[in-house]
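S.K.: Got a structure here, written out as structure tokens. Questions coming.
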Ligand SMILES: Cc1cc2nc3c(=O)[nH]c(=O)nc-3n(C[C@H](O)[C@H](O)[C@H](O)COP(=O)(O)OP(=O)(O)OC[C@H]3O[C@@H](n4cnc5c(N)ncnc54)[C@H](O)[C@@H]3O)c2cc1C
Ligand code: FES
Ligand code: FES
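What follows is the structure, encoded as structure tokens:
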């Protein structure tokens, strides 16, 4: 195995592109090292991206926030204002691993590792986040939700890597949330999870709703058609029950020791409802705050 | 295989070592630098026995490649006591008998110190969450939590009005 720590994007791209065998980007290494040790992967080349200029920056840009690919969970959650801006992504990121893992884990790593249970993928997806990708054919952007293609597989081409993730600005009175079900409250992997993004108008009427579900299919499930269903309505018990039902029936989970198909589908509906109540409350609080 | 040359500061001492690309920081600390206070439990990031501070951040040294740390500052359990003067956390672990076999202890001390550097007045819940990645198969955790709370309280008093 060759270890390289290039100090430019260009150098990283050509190293990745010129190696014929398996290559792996190393960011926090909390997936890569575990997989190497278990023998699941045997990379010919490891490219540590942490010396690339700008890769560890968090920046407020005109379109939102730009999160460098090597920003760790603890750096994200200690950055002033980010938790208020996107409580949903912040709580998803914060749920990854222990304090030790938080010092290393990254959004880009969680995304590219493409686990069906990855905590930040549903949260990034509902907020319409996108990745800035560089590679041998230049620069491109793609929505986070298009990147995982199967467990452990992603849509990046040879030589490409993620430089940063953009969390776009959102309309006033919008918020988000993420919750997961795990047997243990810390250091566990989601059995089911739900992320919600909601936009209200100043009369509390729903203008936008997105829900994504984790660990209930081979990739994150983005529930379709919710927006039309809820447009201009208020949140009611009836509406919440309908949404829970739609979410439950969107799942294609597996049966395993951590949860049966029936359990996972049911819990997905329950979590979707709770995530929606939470995001709705957060968005509603903004209406009050701005009115005051 | 060509070895990689790495410069680091460990417990404020400038050191250099040679490593293989797949060696972890934990391997090098224990096998090459003879700093065996940092323990190996699981090797997969789950137990926290290998906790060290890397560039001011708490990490599992089993999940860091040795080659990554060139130019970094590392603090291990060996740097915790000030010569023969134990750190308040170490003292309180002894007083509260917060260890039995002791394999988890260095990792827990390093992790607890990182918490108290951030927050000298943590609640019990905050301590329990912060240490959730440090497994102990002997004590049942309660004495560990009491010892950390007691050390924090002593450190607040020592620091006088700075932290009140
Ligand atoms: C003890 C423990 C607990 C964990 N708990 C959770 C949990 O609760 N929830 C959860 O979702 N995950 C969890 N994980 C998994 C892991 O921590 C996360 O997936 C983390 O976000 C990975 O980020 P990383 O930077 O460490 O990735 P790395 O290991 O560096 O990389 C992961 C994958 O992504 C690729 N990659 C990384 N960065 C880029 C980039 N910029 N461009 C292209 N490809 C890239 C790598 O090549 C690799 O294939 C846990 C892991 C451990 C060890
Ligand atoms: S040995 Fe590193 S976490 Fe267990
Ligand atoms: S004292 Fe034995 S594992 Fe903690």
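Protein chains in written order, with this note's numbering: chain B, 319 to 610; chain H, 14 to 177.
Glycine residues also receive a C-beta, built at the ideal position from the N, C-alpha and C atoms.
Predicted model, so just to flag it, every value in this text is computed and none were measured.
For residue 492 (chain B), count neighbouring C-beta atoms within 10 Å of its own C-beta (all shown protein chains included) and say buried if the count is 16 or more, exposed if not.
M.R.: Classification for residue 492 (chain B): buried.
S.K.: Please tell me whether, using a cut-off of 7 Å, the distance from the CB of residue 62 (chain H) to the nearest non-hydrogen atom of ligand 2 is below it.
M.R.: Correct: residue 62 (chain H) has its Cβ closer than 7 Å to ligand 2.
S.K.: Say whether the segment 123–131 of chain H touches the segment 384–395 of chain B, bearing in mind that this needs 3 or more beta-carbon pairs closer than 8 Å, one atom from each stretch.
M.R.: As far as the Cβ criterion goes, the segment 123–131 of chain H does not touch the segment 384–395 of chain B, which means the pair count is below three.
S.K.: Note down the Cα distance separating residue 537 (chain B) from residue 434 (chain B), rounded to an integer number of angstroms.
M.R.: The straight-line gap from Cα to Cα measures roughly 5 Å.
S.K.: Out of curiosity, what's the CA-to-CA distance linking residue 40 (chain H) and residue 32 (chain H)?
M.R.: Going from the Cα of residue 40 (chain H) to the Cα of residue 32 (chain H) covers about 9 Å.
S.K.: Between residue 336 (chain B) and ligand 4, is there a pair consisting of the residue's CB and a ligand heavy atom that are separated by less than 7 Å?
M.R.: Because ligand 4 does not appear in the structure shown, any question about it cannot be addressed here, the ligands present being ligand 1, ligand 2 and ligand 3.
S.K.: Can you give me the start and stop residues for the alpha helix (DSSP H) that residue 27 (chain H) sits inside?
M.R.: Run containing residue 27 (chain H): none in the alpha helix (DSSP H); it sits in the beta strand (DSSP E), 26–32.
S.K.: In the segment 361–374 of chain B, which residues sit with their C-beta less than 8 Å from some C-beta in chain H, listed in chain order?
M.R.: So the list reads 364, 366, 368, given in the order they occur along the chain.
S.K.: Report the option in B:598, B:340, B:426 whose CA atom is closest to the CA atom of residue 374 (chain B).
M.R.: Of the candidates B:598, B:340, B:426, the one whose C-alpha sits nearest the C-alpha of residue 374 (chain B) is B:426.
S.K.: Tell me where the alpha helix (DSSP H) around residue 101 (chain H) begins and ends.
M.R.: Note, residue 101 (chain H): alpha helix (DSSP H), 101–108.
S.K.: For the segment 447–475 of chain B, enumerate the residues whose C-beta is nearer than 7 Å to any C-beta of chain H, in chain order.
M.R.: Hits within the stretch: zero.
S.K.: Flag residue 59 (chain H) as yes when its Cβ comes closer than 7 Å to any non-hydrogen atom of ligand 2, and as no otherwise.
M.R.: Yes, the Cβ of residue 59 (chain H) comes within 7 Å of a heavy atom of ligand 2.
S.K.: Would you say residue 352 (chain B) and residue 136 (chain H) are within 8 Å of each other, going by their C-beta atoms?
M.R.: No. Outside cutoff.
S.K.: Residue 15 (chain H) by DSSP, collapsed to three states: which one?
M.R.: If DSSP states are grouped into helix, strand and coil, residue 15 (chain H) belongs with coil.
S.K.: Round the Cβ separation of residue 561 (chain B) and residue 590 (chain B) to the nearest angstrom and send it over; I've been treating them as touching at under 8 Å.
M.R.: At roughly 6 Å, the Cβ-Cβ gap stays under 8 Å, so residue 561 (chain B) and residue 590 (chain B) are in contact.
S.K.: Less than 8 Å between the C-beta atoms of residue 387 (chain B) and residue 325 (chain B), yes or no?
M.R.: Cβ atoms of residue 387 (chain B) and residue 325 (chain B): not closer than 8 Å.
S.K.: What does the alpha-carbon distance come out to for the pair residue 323 (chain B) and residue 568 (chain B)?
M.R.: So the two alpha carbons sit approximately 43 Å from each other.
S.K.: Give a yes or no on whether 8 Å exceeds the smallest Cβ distance from residue 176 (chain H) to chain B.
M.R.: Its pLDDT being 46, under 50, residue 176 (chain H) is placed unreliably by the model, and the measurement read from it follows with that caveat. Cβ-Cβ to chain B under 8 Å: no for residue 176 (chain H).
S.K.: Compute every distance between the C-beta of residue 380 (chain B) and the non-hydrogen atoms of ligand 2, then say whether any falls below 7 Å.
M.R.: Residue 380 (chain B) Cβ: outside cutoff for every heavy atom of ligand 2.
S.K.: Once the 5 residues before and after residue 50 (chain H) are set aside, which same chain residues still bring their CB inside 7 Å of it?
M.R.: So the list reads 89, 90, 91, 119, once near-sequence residues are dropped.
S.K.: DSSP beta-bridge partners for residue 86 (chain H)?
M.R.: Answer is H:22, bridged to residue 86 (chain H).
S.K.: Does the distance from the C-beta atom of residue 422 (chain B) to that of residue 347 (chain B) stay below 8 Å?
M.R.: Yes.
S.K.: Under 7 Å between beta-carbons, which chain B residues line up against residue 49 (chain H)? List them in chain order, please.
M.R.: What residue 49 (chain H) touches in chain B: nothing, since even the nearest Cβ is about 19 Å away.
S.K.: Exposed or buried, residue 501 (chain B), counting other C-beta atoms within 10 Å across all chains shown (16 or more means buried)?
M.R.: With fewer than 16 Cβ atoms within 10 Å of its Cβ, residue 501 (chain B) is classed as exposed.
S.K.: Which residues, in order along the segment 398–424 of chain B, keep a beta-carbon less than 9 Å from a beta-carbon of chain H?
M.R.: Within the segment 398–424 of chain B, the qualifying residues are 415, 416, 417, 418, 419, 420, 421, 422.
S.K.: Can at least three beta-carbon pairs, one atom from the segment 588–607 of chain B and one from the segment 501–516 of chain B, be found at a separation below 8 Å?
M.R.: Output reads yes: the segment 501–516 of chain B touches the segment 588–607 of chain B.
S.K.: Suppose the cutoff is 6 Å on Cβ atoms and the five residues either side in sequence are ignored; what does the same chain contact list for residue 23 (chain H) look like?
M.R.: If we look at residue 23 (chain H) and ignore the five residues flanking it on each side, its Cβ neighbours are 87.
S.K.: Give the residues from the segment 485–505 of chain B that approach chain H closer than 7 Å (Cβ to any Cβ), ordered along the chain.
M.R.: Of all residues in the segment 485–505 of chain B, 504, 505 have a Cβ within less than 7 Å of some Cβ in chain H.
S.K.: What are the residues that DSSP puts in a beta bridge with residue 413 (chain B)?
M.R.: DSSP, once it has assigned bridges, lists no residue as partnering residue 413 (chain B).
S.K.: Counting only beta-carbon atoms, is residue 153 (chain H) nearer than 8 Å to chain B?
M.R.: Not one chain B Cβ lies under 8 Å of residue 153 (chain H).
S.K.: Excluding the 5 residues flanking residue 133 (chain H) on each side, which residues of the same chain have their C-beta closer than 8 Å to its C-beta?
M.R.: 165, 168, 169, 172, 176.
S.K.: In the DSSP assignment, find the unbroken alpha helix (DSSP H) run with residue 592 (chain B) in it and report its ends.
M.R.: Counting along the chain, the alpha helix (DSSP H) containing residue 592 (chain B) begins and ends at 579–609.
S.K.: Could you tell me whether any Cβ in chain B is nearer than 8 Å to the Cβ of residue 149 (chain H)?
M.R.: Taking Cβ atoms only, chain B never reaches closer than 8 Å to residue 149 (chain H), which makes this a no.
S.K.: By Cβ distance below 7 Å, which residues in the same chain neighbour residue 331 (chain B) in space, the five residues on each side in sequence not counted?
M.R.: 452, 453, 454, 477.
S.K.: What does residue 510 (chain B) pair with, by DSSP beta-bridge criteria?
M.R.: DSSP, once it has assigned bridges, lists B:499 as partnering residue 510 (chain B).
S.K.: Look at residue 504 (chain B) and residue 145 (chain H) and say whether their C-beta atoms are less than 8 Å apart.
M.R.: In this structure, residue 145 (chain H) lies closer than 8 Å to residue 504 (chain B) by Cβ.
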